Amino acid sequence: MRVPILKQGDYLIAPIQSALSDADFLRMQNELVDQVGKLRSRGVIVDVTALDVMDSFATRTLRSTALMTRLRGAETVIVGVQPEVAFSMVQLGLTLRMEDVETALDLDEGLAFLDRQTKG
Amino acid sequence: MVTQPEEWGARSVAALRRELVEHFTEKREELRQQWVEQMTAKGLLAGLTQTEIETESATIYDTCIGCLETGQYDRAQTYATTLAERGVLRGMTSEQIIGGMLTLRDVYGRSLFERYQKDMKRLSAALDIYEPVANKILSIIALAFIDEREKVVRQQQEAIREISTPVLQVRNRLLIMPIIGLIDAQRARQLTEQLLRSIRANRAKVVVIDITGVPTVDSKVANNLIQTVEASRLMGAVVIVTGLSAEVSQTLVTIGVDLSKLNTVGDLQGGIEAADRLLGYKVITTEQATEIR
Chain A
170 MRVPILKQGD YLIAPIQSAL SDADFLRMQN ELVDQVGKLR SRGVIVDVTA LDVMDSFATR
230 TLRSTALMTR LRGAETVIVG VQPEVAFSMV QLGLTLRMED VETALDLDEG LAFLDRQTKG
Chain B
189 MVTQPEEWGA RSVAALRREL VEHFTEKREE LRQQWVEQMT AKGLLAGLTQ TEIETESATI
249 YDTCIGCLET GQYDRAQTYA TTLAERGVLR GMTSEQIIGG MLTLRDVYGR SLFERYQKDM
309 KRLSAALDIY EPVANKILSI IALAFIDERE KVVRQQQEAI REISTPVLQV RNRLLIMPII
369 GLIDAQRARQ LTEQLLRSIR ANRAKVVVID ITGVPTVDSK VANNLIQTVE ASRLMGAVVI
429 VTGLSAEVSQ TLVTIGVDLS KLNTVGDLQG GIEAADRLLG YKVITTEQAT EIR
């Protein structure tokens with residue numbers, strides 16, 4: 170399942186719409202890192218509302234995506250982590266890897282956060 | 189005289205069983221009185237009235253004979269359950285119940301010794317019949333008591349769980365969660381799940397968790413709190429922990445819990461003020477407000 174990458178002003182939005190394989194995650198990462206440079210984006214939002222599970226590969230990929238896009242000048246925000254997902258990630262100790270990744274409640278909040286980061 | 193093994197075949201066992209039942213029925217009053225006397229001497233009847241002692245001892249006595257006669261323990265089971273329910277409700281100690289049953293066992297046993305003291309073979313055969321029955325009844329009653337205790341404990345745990353911690357919205361996007369009482373792994377889990385759901389439902393950005401009412405905080409509780417904070421952060425909410433008492437902070441530092449991930453403020457008021465700042469609220473008096481205008 171391919172993740173569409175939407176350009177919204179200065180930002181890129183990647184709404185994940187169903188469970189992804191490891192390869193899909195990597196493809197999303199490649200495209201985001203690539204597009205950030207091409208479109209001169211200032212921020213990236215990855216929406217994980219539709220994900221019921223976040224395993225170690227997913228969190229690691231999201232984190233490295235955030236670090237990579239930051240190197241290319243765009244801040245990444247993960248939005249829409251479900252309560253159950255957040256809880257199981259903490260239980261599995263996956264949050265340690267997410268420490269330097271920004272999170273927000275939903276797309277709206279993510280956009281507001283990026284606005285503050287880039288325009289404030 | 190050499191005893192043949194066949195002598196105690198099934199038929200004679202049944203006959204002896206009947207004999208024992210007759211014996212105990214015949215001596216009913218005498219043995220029951222003995223039993224009550226012995227229990228009184230041991231102080232096992234404290235808190236019971238005379239009528240209660242009479243009816244209870246009679247019922248237990250007859251139940252035991254019934255079990256011996258029929259080999260069925262349903263009656264003992266039913267009786268033990270009701271006894272346990274009443275006993276636990278009235279605060280009877282396990283010592284009273286178990287001690288009472290042990291005494292009855294001794295009284296029965298003693299009377300068998302008296303009756304068959306001249307015939308060791310018969311005595312041993314009688315004990316073979318009697319002892320398993322007595323042990324079985326004793327274990328039924330003891331287990332009923334333990335079951336009942338456990339049931340009470342479970343009910344209390346449920347009750348505590350039902351007084352679950354409220355998550356309250358104080359302002360737009362600001363929640364408070366005052367925790368009262370001990371936090372164990374299960375409660376921590378429940379609290380976290382509840383908080384996460386509330387964060388979603390109220391679109392909260394800041395949560396103040398107040399632990400003034402938590403008597404002891406050890407490394408486990410601290411880790412649970414850290415997990416709650418991390419999970420909330422994954423949902424984009426900042427958590428402020430307030431109300432760590434002097435003792436709690438001393439213990440935490442002494443046992444070396446890393447609380448660098450926790451955002452702590454002295455008391456609930458301070459926590460709400462800090463949250464206001466994060467959210468961009470400023471509380472001013474109406475006087476100040478008119479001045480600004």
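Chains A and B, in that order, are what the protein sequence lines are. If you want the numbering used here, it's the 1-based position in the first sequence plus 169. If you want the numbering used here, it's the 1-based position in the second sequence plus 188. Just so you know, even glycine gets a beta-carbon here, dropped at the ideal spot from N, CA and C. Values in this document were obtained by computation on a predicted structure and should not be read as measured data.
Quick test of your reading: residue i and residue j, contact by CB under 8 Å. State the CB separation rounded to the nearest angstrom.
| i | j | result |
| --- | --- | --- |
| Ser245 (chain B) | Arg220 (chain B) | 5 Å |
| Pro252 (chain A) | Arg388 (chain B) | 6 Å |
| Val250 (chain A) | Met423 (chain B) | 5 Å |
| Leu232 (chain B) | Ile241 (chain B) | Contact doesn't hold; Cβ gap of about 10 Å is too wide. |
| Leu271 (chain B) | Ala330 (chain B) | Going by Cβ atoms, the distance from Leu271 (chain B) to Ala330 (chain B) rounds to 11 Å, so no, they are not a contact pair. |
| Met170 (chain A) | Asp193 (chain A) | 6 Å |
| Leu384 (chain B) | Phe256 (chain A) | 6 Å |
So, for residue i: in the same chain, excluding its five sequence neighbours on each side, which residues have a beta-carbon less than 8 Å away from its beta-carbon?
| i | result |
| --- | --- |
| Val209 (chain B) | Ile253, Leu256 and Glu257 |
| Leu181 (chain A) | Ile174, Leu175, Leu201, Gln204, Val205, Leu208, Ser210, Gly212, Val213, Ile214 and Ala243 |
| Thr234 (chain A) | Met197, Gln198, Leu201, Val202, Val213, Val215 and Thr245 |
| Ala373 (chain B) | Lys408 and Asn412 |
| Met189 (chain B) | Note that Met189 (chain B) has pLDDT 44, beneath the 50 cutoff, so the model's placement of it is unreliable and the number below is only indicative. Hits under 8 Å: none found. |
| Arg361 (chain B) | Asn390, Arg391, Ala392, Lys393, Val394 and Leu467 |
| Glu194 (chain B) | With a pLDDT of 49 at Glu194 (chain B), under the threshold of 50, the modelled position of this residue cannot be trusted; read the value that follows with caution. Closer than 8 Å at the Cβ level, and outside the excluded window around Glu194 (chain B), lies no residue. |
| Gly305 (chain B) | Correcting the residue type first, residue 305 (chain B) is Gln in the shown sequence and not Gly. Correct list, in chain order: Leu311. |
Cβ closer than 8 Å: which chain A residues qualify as neighbours of residue i?
| i | result |
| --- | --- |
| Leu467 (chain B) | Neighbours of Leu467 (chain B) on chain A: none; closest Cβ ~12 Å, over 8 Å. |
| Ala330 (chain B) | Within chain A, no residue comes near Ala330 (chain B); the closest Cβ sits about 39 Å away, beyond 8 Å. |
| Arg359 (chain B) | Residues of chain A passing the Cβ test: none, with the nearest at roughly 16 Å. |
| Arg274 (chain B) | Those within 8 Å of Arg274 (chain B) in chain A number zero; the least Cβ separation is about 43 Å. |
Between the options, which has its C-alpha nearest residue i's C-alpha?
| i | options | result |
| --- | --- | --- |
| Ala202 (chain B) | B:Ala314, B:Ser386, B:Tyr249 and B:Thr281 | B:Ala314 |
| Gln260 (chain B) | B:Val358, B:Ile325 and B:Gly458 | B:Ile325 |
| Val224 (chain B) | B:Thr266, B:Tyr318, B:Leu290 and B:Ile317 | B:Leu290 |
| Asn451 (chain B) | B:Arg361, B:Phe333 and B:Gln415 | B:Gln415 |
| Phe226 (chain A) | A:Arg239, A:Thr238, A:Phe256 and A:Gly262 | A:Gly262 |
| Phe282 (chain A) | B:Leu292, B:Gln226 and B:Ala425 | B:Ala425 |
| Thr305 (chain A) | A:Thr238, A:Arg241, A:Val254 and A:Asp179 | There is simply no residue 305 (chain A) to check, as chain A begins at 170 and stops at 289 in what is shown. |
| Gly459 (chain B) | B:Arg375, B:Ile472, B:Val358 and B:Arg391 | B:Val358 |
| Thr228 (chain B) | B:Gln476, B:Leu292 and B:Arg274 | B:Leu292 |
| Glu217 (chain B) | B:Ile248, B:Ala347 and B:Glu273 | B:Ile248 |
| Gly279 (chain A) | A:Val172, A:Val217, A:Met267 and A:Ala188 | A:Val217 |
| Gln222 (chain B) | B:Gly235, B:Gly297 and B:Ile397 | B:Gly297 |
| Ser433 (chain B) | B:Ile285, B:Asp398 and B:Gln382 | B:Asp398 |
| Ala179 (chain B) | B:Asp294, B:Ser312, B:Arg337 and B:Gln345 | Lying outside 189 to 481, the shown extent of chain B, residue 179 (chain B) is not represented and no answer is given. |
| Phe212 (chain B) | B:Gln382, B:Arg303, B:Ala477 and B:Arg377 | B:Arg303 |
| Glu283 (chain B) | B:Asp307, B:Lys230, B:Asp262 and B:Lys309 | B:Lys230 |
| Ala336 (chain B) | B:Met280, B:Ala347 and B:Glu381 | Per the sequence shown, the amino acid found at residue 336 (chain B) is Glu instead of Ala. Comparing Cα-Cα distances from Glu336 (chain B) to each of B:Met280, B:Ala347 and B:Glu381, the minimum goes to B:Met280. |
| Glu527 (chain B) | B:Pro320, B:Glu273 and B:Thr473 | Examination of residue 527 (chain B) is not possible in this model, given that chain B is present from 189 through 481 alone. |
State yes or no: is the C-beta of residue i within less than 7 Å of the C-beta of residue j?
| i | j | result |
| --- | --- | --- |
| Ser407 (chain B) | Ile443 (chain B) | yes |
| Val395 (chain B) | Val427 (chain B) | yes |
| Asp455 (chain B) | Thr430 (chain B) | yes |
| Leu370 (chain B) | Thr353 (chain B) | no |
| Gln265 (chain B) | Ile334 (chain B) | no |
| Thr264 (chain A) | Glu418 (chain B) | yes |
| Ala219 (chain A) | Gln177 (chain A) | no |
| Ser386 (chain B) | Val436 (chain B) | no |
| Leu440 (chain B) | Ala410 (chain B) | yes |
| Met223 (chain A) | Met258 (chain A) | yes |
Run down chain A in chain order and give the residues with a C-beta less than 7 Å from the C-beta of residue i.
| i | result |
| --- | --- |
| Leu384 (chain B) | Pro252, Ala255 and Phe256 |
| Leu422 (chain B) | Val250, Ala255, Met258, Thr264, Met267 and Thr272 |
| Thr511 (chain B) | Because chain B here runs from 189 to 481, residue 511 (chain B) falls outside it and cannot be looked at. |
| Gln415 (chain B) | Val259 |
| Ala463 (chain B) | Simply none; closest approach about 16 Å. |
| Glu418 (chain B) | Val259 and Thr264 |
| Arg337 (chain B) | Going along chain A, no residue has its Cβ under 7 Å from Arg337 (chain B), so there is no contact; the nearest lies around 32 Å. |
For residue i, collect the residues of the same chain with a Cβ closer than 7 Å to its Cβ; drop the 5 residues on either side in sequence, then sort them by chain order.
| i | result |
| --- | --- |
| Leu231 (chain A) | Val215, Ile247 and Val270 |
| Ile317 (chain B) | Val201, Leu204, Arg205 and Leu208 |
| Ser299 (chain B) | Lys215 and Leu219 |
| Gln457 (chain B) | none |
Quick one: which chain B residues come within Cβ less than 7 Å of residue i?
| i | result |
| --- | --- |
| Glu244 (chain A) | Chain B residues near Glu244 (chain A): none, gap ~14 Å exceeds 7 Å. |
Using a C-beta to C-beta distance shorter than 9 Å, which residues of chain B count as neighbours of residue i?
| i | result |
| --- | --- |
| Glu278 (chain A) | Arg391, Lys393 and Gly424 |
Looking only at its own chain, which residues have a Cβ that is under 6 Å from the Cβ of residue i, when we skip the five neighbours before and after it?
| i | result |
| --- | --- |
| Ile368 (chain B) | Gly401 |
| Asp250 (chain B) | none |
| Tyr267 (chain B) | Thr251 |
| Tyr469 (chain B) | none |
| Gly287 (chain B) | Leu232 |
| Gln343 (chain B) | none |
| Asp275 (chain A) | Val248 and Gly249 |
| Met237 (chain A) | Val202 |
Which residues of chain A have a Cβ atom closer than 9 Å to the Cβ of residue i, listed in chain order?
| i | result |
| --- | --- |
| Ala410 (chain B) | Those do not exist, as Ala410 (chain B) stays about 14 Å from chain A at its closest Cβ, beyond 9 Å. |
For residue i, decide whether its Cβ has a neighbour in chain C, counting only Cβ atoms nearer than 7 Å.
| i | result |
| --- | --- |
| Leu356 (chain B) | Absent from the structure: chain C. Protein chains present are A and B. |
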